[in-house]
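Undergrad: Sharing a structure below in structure tokens format, with a few things to ask.
Numbering (my numbering), first residue to last: 197 to 909.
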């Protein structure tokens, strides 16, 4: 993306990711990677919320340093002249104002590279005239000497003007540019700058931003990069070009703060303005690529790009899926230039290129989480990565929690799962994480609830992958539409967050990945729900047996977990029926919620009854049910939870298929939980379960079962 093709326009890349996902760290890494090879600048509107003109001035200042790939440092004559005029307090008298502007131009000319050279030459010529006046003429002849001195004094400004003339000639394009802008109304260069100086601060943003981009374009065209000063690795597809040019990179942190939005709006408006004033293929081909950190979705992107929480682009639209940053290329962005790629190219939406920030790799997440925590028990890398989803802020939160762990803590404290671990003040990690991550407008769950908070209700709703992309929202769930809108707009719901199971492709084929809540935010919200009240049938006392009632014991304290998922199940059932949903689909969704409530035995029995119909559809149902939220691993080790789930199953007189189905469902349900440490022992048991089912199938085609089992070999 930082290679510049001649005549090609440059994108404004929106680097998308939820809050604290590592976008700022990536911008710093890109800045360091550019080094002294690629012209770049870095703006941080969180730390320095300046106006657009000041931001452009800071950018120009950073870009005017020396670069290894350029013979000369970039200069911004158009922008600098406009900025000088803007900051000058002009006299009310027109003649004096004209003299002021001319003086500014003269002063600026003397400070340019050519002007400084002319000044040194002027001093040398002046010294030579002194030698001529004092040495060549006889000291006995006073008249001619006085005449020569007088001539020298009169010639001094003329010589300076003659020598500074070529330096000012180097500014002719910059002065001519100010004459040609609409605000000048065809006035001369001095009058154009006077008019710019007398305009309001808001009125000069457009011409000054346009001047900045025009300067950048002029510099890139007149002073191309040196061939031998670049150490880029050239791919085979680009070797035929013989050489390449670098784009100029502008890194923008805090792009969606008020100051950041104003700057990028002015930047895009200036780019469009230059394109309209210079029609042609290379009209707006300034070299500046913008990489802007964004933690919200902007509605104008929807005209060309599919929202990250939508599984498929809208039909009959030019929408396309946004790529991961690691897979983003110029080709993906320029496809919108093809025939019929509405909307109009002369719009700001035409320049935006939203890309999704890649999650932190598993090895890096584990290394960061272990850093500075020598006294804490090690956490397996897959557990850290699955729990945090590669979210930078989540990994740091895990690191801080583990670094603060006391080696003298009792066994109960050490056995707490990470989201429930507490700090020195007794505050659990899930509470601190929700406070840092939840978007403004969603309250952080507290210690005591009169009703489940909207954030928790939204997390429970999004736990079902079949509802995440459903435009129908049950009205019975309080504040759900607003909560979903906030989570989506703040990029906490996305198809990029879906963590497919190993058997997903066997059952679902090439189906689009569903949009889900970020695993870290979802786990913390559901941990809050689990911690809010007593455990239900699947709690510490063990799950309901094959013949036991599903509900809580009479007189037992209310269980918020059970209440939330029961209410949600009841709210979705009439909604699906009212819209003509298929009966099997409604039954499968009810099984999903029964498993959420801990009613394991009935769900396993219903799954076994469907075994000999269609094995591929059965694997798909198994994968769907095993994705249900599970709170067992939050309360006990995975192997104990597995034993509790299967208590009495083998002694209940069930056939081989029913027992194998129950074991496989329990294994996969716990296996999919982020807190479960996967091991070869787990894999072997799952593989054995699929093999046993394949051997006892009544259907001829058992390929789906064999494929699923082979994935755990």
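The beta carbon of each residue, even a glycine, is placed where N, CA and C say it ideally should be.
Suppose you measure from the CA of residue 903 to the CA of residue 234; what does that come to, to the nearest Å?
TA: Cα to Cα, the separation comes out at about 49 Å.
Undergrad: When burial is assigned at 16 or more other CB atoms within 10 Å of the CB, is residue 679 buried or exposed?
TA: buried
Undergrad: For residue 208, count neighbouring Cβ atoms within 10 angstroms of its own Cβ and tell me buried if that reaches 16, exposed if not.
TA: buried
Undergrad: By DSSP, does residue 490 sit in helix, in strand, or in coil?
TA: strand
Undergrad: Residue 590 and residue 584 look like a contact to me (Cβ under 8 Å); what is the Cβ gap, rounded to whole Å?
TA: Your pair residue 590 and residue 584 checks out as a contact, with CB atoms roughly 4 Å apart and the cut at 8 Å.
Undergrad: Determine the direct distance from the alpha carbon of residue 488 to that of residue 647, and round the result to whole angstroms.
TA: In this structure, the CA atom of residue 647 is about 39 Å from the CA atom of residue 488.
Undergrad: Would you call residue 393 buried or exposed, if buried means 16 or more other Cβ atoms sit within 10 Å of its Cβ?
TA: buried
Undergrad: Under a Cβ-count criterion, where at least 16 other Cβ atoms within 10 Å of its own Cβ denotes burial, should residue 241 be classed as buried or exposed?
TA: buried
Undergrad: What residue ranges within the stretch 253–303 form continuous alpha helix (DSSP H) runs of no fewer than 4 residues, ordered along the chain?
TA: Counting whole runs of 4 or more residues, the stretch 253–303 contains the alpha helix (DSSP H) stretches 273–283.
Undergrad: Span of the beta strand (DSSP E) holding residue 447?
TA: Per DSSP, residue 447 belongs to the beta strand (DSSP E) from 444–449.
Undergrad: How big is the Cα-Cα spacing for residue 632 and residue 217?
TA: 11 Å
Undergrad: Helix, strand or coil for residue 763 per DSSP?
TA: helix
Undergrad: Quick one: Cα of residue 398 to Cα of residue 466, how far?
TA: 14 Å
Undergrad: I'd like to know if residue 285 contacts chain B, where contact means its C-beta is closer than 9 Å to some C-beta of that chain.
TA: Among the protein chains of the structure shown there is no chain B, as only one such chain exists.
Undergrad: What number of angstroms, rounded off, separates the C-alpha of residue 447 from the C-alpha of residue 485?
TA: Roughly 9 Å between the two C-alpha positions.
Undergrad: Tell me the residue span of the beta strand (DSSP E) that contains residue 212.
TA: Its beta strand (DSSP E) spans residues 208–212.
Undergrad: Please report how far the alpha carbon of residue 369 lies from the alpha carbon of residue 200, in whole angstroms.
TA: Cα-Cα distance, rounded: 24 Å.
Undergrad: How many angstroms separate the CA atom of residue 666 from the CA atom of residue 456?
TA: 34 Å
Undergrad: Need the endpoints of the alpha helix (DSSP H) that residue 579 sits in, please.
TA: 577–584
Undergrad: Curious, which full-length alpha helix (DSSP H) runs of at least 4 residues does the stretch 393–428 contain?
TA: 401–418
Undergrad: Considering only the alpha carbon of each residue, which of 707, 290, 668 and 249 lies closest to residue 280?
TA: 249
Undergrad: With burial defined as no fewer than 16 other Cβ atoms inside 10 Å of the residue's Cβ, what is the status of residue 671: buried or exposed?
TA: Here residue 671 is exposed, its C-beta having fewer than 16 other C-beta atoms within 10 Å.
Undergrad: Pop quiz: residue 728 and residue 645 are said to be a contact at Cβ under 8 Å. What is the actual Cβ separation, rounded to whole angstroms?
TA: 6 Å
Undergrad: For residue 549, which beta-bridge partners are listed by DSSP?
TA: 209
Undergrad: In angstroms with no decimal places, state the Cα-to-Cα distance between residue 835 and residue 786.
TA: So the alpha carbons of these two residues sit roughly 27 Å apart.
Undergrad: Compute the Euclidean distance between the alpha carbons of residue 825 and residue 813, then round it to the nearest angstrom.
TA: 21 Å
Undergrad: I need the boundaries of the alpha helix (DSSP H) containing residue 374, first residue and last residue.
TA: 368–376
Undergrad: Can you give the Cα-Cα distance for residue 884 and residue 905, rounded to whole angstroms?
TA: 7 Å
Undergrad: Kindly list the residues whose CB is nearer than 6 Å to the CB of residue 297, restricted to its own chain and excluding five residues on each side of it in sequence; keep chain order.
TA: 386, 389 and 390
Undergrad: Which of helix, strand or coil does DSSP assign to residue 516?
TA: strand
Undergrad: I need the DSSP call for residue 814, collapsed to helix, strand or coil.
TA: helix
Undergrad: Within a Cβ cutoff of 7 Å, which residues of the same chain sit near residue 895, ignoring the five residues on either side of it in sequence?
TA: 808 and 811
Undergrad: Skipping 5 residues on each side, what residues in its chain have a beta carbon closer than 6 Å to that of residue 519?
TA: 528 and 551
Undergrad: According to DSSP, simplified to helix, strand and coil, what is residue 875?
TA: coil
Undergrad: Three or more C-beta pairs under 8 Å: does that hold for the stretch 885–894 against the stretch 829–847?
TA: Note that the stretch 885–894 does not touch the stretch 829–847; fewer than 3 beta-carbon pairs, one per stretch, sit closer than 8 Å.
Undergrad: From what residue to what residue does the beta strand (DSSP E) around residue 701 run?
TA: Not the beta strand (DSSP E): residue 701 falls in the alpha helix (DSSP H), residues 700–704.
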